[in-house]
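Notes follow the structure.
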Amino acid sequence: EAGIAEVAADARFARNTVENLRDNGRCAVVISRAWGEHRSVQIKGRCLDVRGPVLDPERIGPRTEVLAAVLGTFGLPPVVADNFRKIRNDPHYLLKVQIDEIFDQTPGPGAGRSIR
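This note's numbering numbers the first residue of the sequence shown as 66 and each following residue consecutively.
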């Protein structure tokens, strides 16, 4: 759906986040592409739904594998990528978010400007 995103949050680390979302529903997420152009955006919106924690390694695994593979290109010790691979088997909260605003967070002259 246009303007809707789903974010998976590892249940081991997201308890306070989920409590805050259930309290007021407002959220902000920063997404960075650390390879190539090193672009980052901040997405602000409303949490529409929280499911979980659920186990869904088939859905989460491919996404964590992409991140683990990229971490290997940064010269980090292999254990860092291995730790990201392991979270595929953790329970996750699935957050359905209505995207209201998007801001450029990439350092430089456009940082902070609204993209949407």
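We put the beta carbon where it would ideally sit given N, CA and C, even for glycine. All figures in this text were calculated on a predicted structure; none of them were measured in a lab.
query, result
"With a threshold of 16 other CB atoms inside 10 Å of the CB of residue 162, please say whether the residue is buried or exposed.", "buried"
"May I ask you to list the residues that DSSP assigns as paired with residue 18?", "Since the first residue shown for the chain is 66 and the last is 181, residue 18 is missing from the structure and cannot be characterised."
"Using DSSP bridges, identify the partner residues of residue 166.", "109"
"Taking 8 angstroms as the cut-off, decide whether the C-beta atoms of residue 156 and residue 101 are in contact.", "no"
"Could you tell me the boundaries of the beta strand (DSSP E) in which residue 71 lies?", "69 to 75"
"Give every residue of the same chain whose Cβ lies closer than 8 angstroms to the Cβ of residue 103, excluding the five residues on either side of it in the sequence, and list them in chain order.", "97, 171"
"Quick check: the Cα distance between residue 123 and residue 145, rounded to an integer number of angstroms?", "21 angstroms"
"Round the Cβ separation of residue 72 and residue 99 to the nearest angstrom and send it over; I've been treating them as touching at under 8 angstroms.", "That belief does not hold up - the Cβ atoms of residue 72 and residue 99 are roughly 18 angstroms apart, past 8 angstroms."
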